[in-house]
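Visitor:
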Amino acid sequence: MRARTLATTVALAAAVSLALGGCAVSKGATVRADGTIDGTGQTLNVLVGIDTVYPKQQKQWQAEMAKEFKKTTGATLKYDTYASANDELTRIQTSVVSGQGPDVYSIGTTFTPTAYSLGAFVKLTAKDWNSIGGRAKFEQASLGISGPSQKEQIGIPVASRPFVMAYNKELLAKAGISKPATTWDQFAAQAKKLTGHGVYGIATDYADGFDPYKFTWAMSLQSGNPVVSKAGKATIDDATMVKAYQTYFGWLTKDHSVDPAAVGWNGAQALAAFADGKAAYLPMTTAASAPSLNQSKVKGKYAYAVMPTVPPGASTLPSQGRAAASILSGDNVVVANYSKNQALAFAYVKQVTAEQEQLDFYKTFGQLPTNAAAAAQLEKSDPTLKPVVRAGKQSIATPFTGAWSDIQLALVNINTQLIPSLKKGSVSTSQLKSQLKTAQQAADSSLAQQQQ
Numbered sequence: 001m002r003a004r005t006l007a008t009t010v011a012l013a014a015a016v017s018l019a020l021g022g023c024a025v026s027k028g029a030t031v032r033a034d035g036t037i038d039g040t041g042q043t044l045n046v047l048v049g050i051d052t053v054y055p056k057q058q059k060q061w062q063a064e065m066a067k068e069f070k071k072t073t074g075a076t077l078k079y080d081t082y083a084s085a086n087d088e089l090t091r092i093q094t095s096v097v098s099g100q101g102p103d104v105y106s107i108g109t110t111f112t113p114t115a116y117s118l119g120a121f122v123k124l125t126a127k128d129w130n131s132i133g134g135r136a137k138f139e140q141a142s143l144g145i146s147g148p149s150q151k152e153q154i155g156i157p158v159a160s161r162p163f164v165m166a167y168n169k170e171l172l173a174k175a176g177i178s179k180p181a182t183t184w185d186q187f188a189a190q191a192k193k194l195t196g197h198g199v200y201g202i203a204t205d206y207a208d209g210f211d212p213y214k215f216t217w218a219m220s221l222q223s224g225n226p227v228v229s230k231a232g233k234a235t236i237d238d239a240t241m242v243k244a245y246q247t248y249f250g251w252l253t254k255d256h257s258v259d260p261a262a263v264g265w266n267g268a269q270a271l272a273a274f275a276d277g278k279a280a281y282l283p284m285t286t287a288a289s290a291p292s293l294n295q296s297k298v299k300g301k302y303a304y305a306v307m308p309t310v311p312p313g314a315s316t317l318p319s320q321g322r323a324a325a326s327i328l329s330g331d332n333v334v335v336a337n338y339s340k341n342q343a344l345a346f347a348y349v350k351q352v353t354a355e356q357e358q359l360d361f362y363k364t365f366g367q368l369p370t371n372a373a374a375a376a377q378l379e380k381s382d383p384t385l386k387p388v389v390r391a392g393k394q395s396i397a398t399p400f401t402g403a404w405s406d407i408q409l410a411l412v413n414i415n416t417q418l419i420p421s422l423k424k425g426s427v428s429t430s431q432l433k434s435q436l437k438t439a440q441q442a443a444d445s446s447l448a449q450q451q452q
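Its first residue numbered 1, the sequence shown is counted upward by one per residue in full-length UniProt numbering.
#1: Which two residues bound the contiguous alpha helix (DSSP H) that contains MET307?
#2: Would DSSP call VAL228 helix, strand or coil?
#3: Please state the DSSP three-state secondary structure of THR353.
#4: If we count Cβ pairs, one from each stretch, closer than 8 angstroms, do we get three or more for the region 91-100 versus the region 391-410?
#5: Please tell me whether VAL159 and GLN367 are closer than 9 angstroms, where the distance is taken between their beta carbons.
#6: Buried or exposed: which applies to ASN415, given that a residue is buried once 16 or more other Cβ atoms fall within 10 Å of its Cβ?
#7: Label ASP103 either buried or exposed according to how many other C-beta atoms from any shown protein chain fall within 10 Å of its C-beta, with 16 as the threshold for buried.
#8: Mind checking whether the beta-carbon of LEU411 lies closer than 8 angstroms to any heavy atom of the ligand FMN?
#9: Thinking C-beta only, is THR109 closer than 9 angstroms to GLY155?
#10: Can you give me the Cβ contacts of TYR213 inside the same chain, cut-off strictly under 7 angstroms, excluding the 5 residues immediately before and after it?
#11: Can you check whether the CB of PRO308 is closer than 9 angstroms to the CB of THR182?
#12: Take PRO291 as the anchor and find which of TRP265, VAL53 and ASP34 has the nearest alpha-carbon.
#13: Cβ atoms of GLN451 and VAL310: under 9 angstroms apart, would you say?
#14: Considering just the uninterrupted stretch of the alpha helix (DSSP H) at ILE92, what are its terminal residues?
#15: I believe ALA345 touches SER339 by the beta-carbon criterion, under 8 angstroms. Please report the beta-carbon distance rounded to the nearest angstrom.
#16: Using three-state DSSP, classify PHE365 as helix, strand or coil.
#17: Near TYR245, what residues of its chain come up, given a Cβ to Cβ distance below 6 angstroms and the 5 sequence neighbours on each side ignored?
#18: Would DSSP call PRO157 helix, strand or coil?
#19: In whole angstroms, give me the CA-to-CA distance for LYS278 and LEU194.
#20: Which of helix, strand or coil does DSSP assign to TYR116?
#21: Out of SER178, SER117, PHE121 and ALA323, state which residue places its alpha-carbon closest to the alpha-carbon of VAL390.
#22: With 16 as the cutoff for other CB atoms within 10 Å, does GLN342 come out buried or exposed?
#23: Please confirm if the region 293-303 is in contact with the region 142-155, defined as three or more CB-CB distances below 8 angstroms between the two stretches.
#24: What does the Cβ neighbour count give for THR90, buried or exposed, with the cut at 16 atoms within 10 Å?
#25: Check ALA175 in the structure and name its three-state DSSP category.
#26: Which ranges would you report for the alpha helix (DSSP H) in the region 258-336 if only whole runs of at least 4 residues count?
#27: Between which two residues does the alpha helix (DSSP H) containing residue 478 stretch?
#28: Going by DSSP in three states, residue 454 sits in which element: helix, strand or coil?
#29: Skipping 5 residues on each side, what residues in its chain have a beta carbon closer than 7 angstroms to that of ALA24?
#30: Taking the C-alpha atoms as reference points, what is the distance between ALA15 and SER117?
#31: Using CA atoms only, rank isn't needed, just tell me which of ASP38, LYS59, ALA189 and ALA442 is closest to PRO312.
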């Protein structure tokens, strides 16, 4: 149903685009000879995801951005928020069909391919990039999911959330482990060694709505399977995915390195267990965990490390594999085709991607800069973040297809369907293959819709 809705929206978006193309659409603000913007009397509307962790800080940040924007452009800046991925999609679809709505959207990186498939956002020209400081202004890895190619980009990166693992330095030292694991086999072996006396080797979140697929996608990619091939074919029922899921579930069912309660945990609960000193490793976390950890029992006892980049069953990266440290995670901003304030929109993007603003944003929200100079400065000033910055540089984008949102949902659903078996302590190969087959069929269907 969702794929059909998306396909219908794409068709309607094309019709709206053609209709607008026949009109002389005003861009609203005036660009002065020196390149500055005069937006007096204009209003720029920006849609962003609501921050449930730092809601007060988000409102304060928005007020500060509006004040600065008024000062530099003379225009009024107004924010609106969406509460979920479904809300995000609905808001975009409604605006695309009507040809009116927010001028700028802040969207998750993995949602960018879906947004691109709608054909409703500005494809960035050299002039557009230059107006915000150029492509070189950004960490190049963060541009990896801005569009299907460099010539067809719509997304401008504004925040980076590379995934890493946190580890308890004291617990590793007591177990005689000198450094964190760099292969998934090492990780499993260390976790078994670290389990005992009320402590588990791993705190993870099998019931989370977002994290689980990121483990198996990375392991599969490291083995040489991108999940969606360059030819646009899904490869979810591949043997590499079977191995990835067996490894991921095996930490609980075979190695017993995970608290059985984790079958029902989300990310916040896994973080809480690690923060309470009840686990040695917390994989698939971000720098945003630092504020919580620095007020917990493990303050001063933890560090971050890049997650393993060698797949299960291997001691070195296979020749066809890719050393994926993390999915390319964060936020992109896109500018609506229908916007009459595109000059103001790019002025806003320039403001929020400026070096100092990116550093201030990190201090408030714990999200890494996409501005290259800011990222370099942060890495230099805070050595504990070096692994996080390195993970950002080693991040690899999920496949760029409008079907990805449906594929991601199908992968997450594998965990959902197998949780009853996990609670009983085992997942059979036949059960796993059955769920992979179902996910494969869902992916095939969504990919086929994209080709129509």
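Ideal Cβ placement from N, Cα and C applies to all residues, glycine included.
Please read these numbers as outputs of a predicted model, since none were measured by experiment.
Guide: Quick answer:
#1: The count along the sequence shown starts at 1 and reaches residue 307 at position 307. Premise fails: MET307 is in no alpha helix (DSSP H) and is neither H nor E.
#2: Here residue 228 is taken as the residue at index 228 of the sequence shown, counted from 1. Under the three-state reduction of DSSP, VAL228 is assigned to strand.
#3: What you label residue 353 is simply residue 353 of the sequence shown in a count that begins at 1. Looking at THR353 - three-state DSSP - the assignment turns out to be coil, as it is neither helix nor strand.
#4: Contact annotation: the region 91-100 does not touch the region 391-410, with fewer than three C-beta pairs closer than 8 angstroms.
#5: One-based indexing of the sequence shown puts residue 159 at position 159. One-based indexing of the sequence shown puts residue 367 at position 367. Here the sequence assigns Ala to residue 159, which means Val is not the residue at that position. Yes.
#6: Position 415 of the sequence shown, counted from the first residue, corresponds to residue 415. It counts as buried.
#7: What you label residue 103 is simply residue 103 of the sequence shown in a count that begins at 1. By the neighbour-count rule (16 or more Cβ atoms within 10 Å), ASP103 is buried.
#8: Of the ligands one can find in the structure shown there are none, so the ligand FMN has no counterpart to examine.
#9: For the purposes of this step, residue 155 is taken as residue 155 along the sequence shown, with counting starting at 1. For the purposes of this step, residue 109 is taken as residue 109 along the sequence shown, with counting starting at 1. With respect to the 9 angstroms criterion, GLY155 and THR109 are classified as neighbours on the basis of their beta carbons.
#10: Against the sequence shown, residue 213 aligns to sequence position 213. Setting aside the 5 residues that flank it on each side, TYR213 is surrounded in the same chain by GLN408, LEU411 and VAL412, each with a C-beta closer than 7 angstroms to its C-beta; the list follows chain order.
#11: Taking the sequence shown and counting its residues from 1, the one referred to as residue 182 is at position 182. Taking the sequence shown and counting its residues from 1, the one referred to as residue 308 is at position 308. One thing to note: THR182 has its Cβ within 9 angstroms of the Cβ of PRO308.
#12: The residue labelled residue 291 in the question sits at position 291 within the sequence shown. Taking only the C-alpha atoms, the option nearest PRO291 is VAL53.
#13: Here residue 310 refers to the residue found at position 310 when the sequence shown is read from its first residue. Here residue 451 refers to the residue found at position 451 when the sequence shown is read from its first residue. Cβ distance not < 9 angstroms, so VAL310 and GLN451 don't count as in contact.
#14: For the purposes of this step, residue 92 is taken as residue 92 along the sequence shown, with counting starting at 1. 85-98 is the extent of the alpha helix (DSSP H) around ILE92.
#15: Numbered from 1 along the sequence shown, position 345 holds the residue referred to as residue 345. Numbered from 1 along the sequence shown, position 339 holds the residue referred to as residue 339. Yes, ALA345 and SER339 are in contact; Cβ-Cβ is about 6 angstroms, under 8 angstroms.
#16: For the purposes of this step, residue 365 is taken as residue 365 along the sequence shown, with counting starting at 1. In the structure shown, the three-state DSSP call for PHE365 is helix.
#17: For the purposes of this step, residue 245 is taken as the residue at position 245 of the sequence shown. Once the five neighbours on either side are set aside, the close Cβ partners of TYR245 are THR216 and LEU432.
#18: Taking the first residue of the sequence shown as 1, we reach residue 157 at position 157. Strand, per DSSP.
#19: Counted from its first residue, the sequence shown places residue 278 at position 278. Counted from its first residue, the sequence shown places residue 194 at position 194. Take the alpha-carbon of LYS278 and the one of LEU194: they are about 11 angstroms apart.
#20: Indexing the sequence shown from 1 puts residue 116 at position 116. DSSP places TYR116 in helix when its eight states are reduced to three.
#21: As a position in the sequence shown, residue 390 is number 390, starting the count at 1. Rather than Val, the amino acid found at residue 390 in this sequence is Arg. When only C-alpha atoms are compared, the closest one is ALA323.
#22: Here residue 342 refers to the residue found at position 342 of the sequence shown. It counts as buried.
#23: Cβ pair count under 8 angstroms is below three, so no.
#24: Within the sequence shown, residue 90 is the residue found at index 90, counting from 1. Classification for THR90: exposed.
#25: Working through the sequence shown from its first residue, we reach residue 175 at position 175. Collapsing the DSSP output to three states places ALA175 in coil.
#26: For secondary structure counted as the alpha helix (DSSP H) over 4 or more consecutive residues, the region 258-336 holds these complete runs in sequence order: 267-275 and 290-293.
#27: There is no way to answer for residue 478, as the model of the chain reaches only from 1 to 452.
#28: Nothing in the structure corresponds to residue 454, since the chain is present only between 1 and 452.
#29: Indexing the sequence shown from 1 puts residue 24 at position 24. Legend: pLDDT at ALA24 = 33, less than 50; position of this residue unreliable, value from coordinates given subsequently. For ALA24, there are no CB contacts under 7 angstroms within the same chain when 5 residues up- and downstream are skipped.
#30: For the purposes of this step, residue 15 is identified with residue 15 of the sequence shown, where counting begins at 1. For the purposes of this step, residue 117 is identified with residue 117 of the sequence shown, where counting begins at 1. Confidence at ALA15 is low in this model, with a pLDDT of 45, below 50, so the placement of that residue is unreliable and no value is reported for it.
#31: On the sequence shown, residue 312 is found 312 positions in, with the first residue counted as 1. Of the candidates ASP38, LYS59, ALA189 and ALA442, the one whose C-alpha sits nearest the C-alpha of PRO312 is ALA189.
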